[in-house]
């Protein structure tokens, strides 16, 4: 599709959502350029937005090698900076990762034009049930995107709306907290321990696989209207940290979710 004299590129801050949008366009016979952002700016340093700093932080805090992801993110930003195409940005204000990615996009875009499809609180019916306020477009089947004609919801932001987004991101970048989450006021900074209580509440005195505990915690958090966990990797890193603190006990290699058992500690925390 073109807007004016420029072709469009669709920019999405969720890889699953990018795939859904790509498939939805394919269903109506259009092959659009859809760029998915591989990183997740709801955790880790955002000021400066350095791939190297994010890689080091994620490796230290989460215990995973994120170098390839942050390098892919640099390529994503280079592609979205193209002056030959007009970006159409898809995002939800209920999803911290999408919201953060969008705010960084707005900062980098400067005065250059773009359009948005703000997807927040979309409802769709599947198997006779109504799904209310789906947090991310990645949760919505492509055929439902087509049926709702979300493509027709593109719009330009007013200057005051852009400035409000920029001011929010300036505040969050200045705080540069370990996490950013969505609450009733919008996007806010949070400590690395933010999801610890939810993890502990899902653990029991019986051994369970690390994968089971993380999945249960993700499910519990996903049921909330706000404040969802951004990543299973983050939750697993916190499980390990809670184990080191004596709040949880682990058995097995203590590194991989699948090969580690977890339970609530039977002894007082250290």
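Residue numbers (our numbering): 1301 to 1570.
Where is the CB? At the ideal position from N, CA and C, for every residue including glycine.
- Within the same chain, and ignoring the five residues on either side of residue 1323 in sequence, the residues whose Cβ sits closer than 7 angstroms to its Cβ are 1442.
- The three-state reading of DSSP puts residue 1485 in coil, since its state is none of H, G, I, E or B.
- Apart from the 5 residues on each side of it in sequence, residue 1342 sits with its Cβ closer than 6 angstroms to the Cβ of 1396, 1397, 1400, 1480, 1530 in its chain, given in chain order.
- Rounded to the nearest whole angstrom, the C-alpha separation of residue 1467 and residue 1501 is 36 angstroms.
- Contact between residue 1565 and residue 1438 does not hold, since their C-beta atoms are separated by about 35 angstroms, which reaches or exceeds 8 angstroms.
- One Cα belongs to residue 1412, the other to residue 1382, and the distance between them is close to 10 angstroms.
- Annotation: the continuous beta strand (DSSP E) that includes residue 1336 extends over 1333-1336.
- Of the residues 1519, 1507, 1523, the one whose Cα lies closest to the Cα of residue 1548 is 1507.
- In the DSSP secondary-structure assignment, residue 1415 is bridged to 1388.
- Straight through space, the alpha carbons of residue 1469 and residue 1336 are spaced by roughly 21 angstroms.
- In this structure, the CA atom of residue 1357 is about 33 angstroms from the CA atom of residue 1415.
- In this structure, residue 1333 and residue 1372 do not form a Cβ contact; the two beta carbons are roughly 16 angstroms apart against a cut-off of 8 angstroms.
- Every beta strand (DSSP E) stretch that sits fully inside the region 1302-1374 and reaches 3 residues is listed by chain position as 1306-1312, 1333-1336.
- A straight-line Cα-Cα distance of about 21 angstroms links residue 1537 and residue 1524.
- Residue range 1548-1552 is occupied by the beta strand (DSSP E) that includes residue 1549.
- In the three-state DSSP reduction, residue 1404 falls in the helix class (H, G or I).
- In this structure, residue 1354 places its C-beta atom within 9 angstroms of the C-beta atom of residue 1344.
- With fewer than 16 other beta carbons inside 10 angstroms of its own, residue 1545 counts as exposed.
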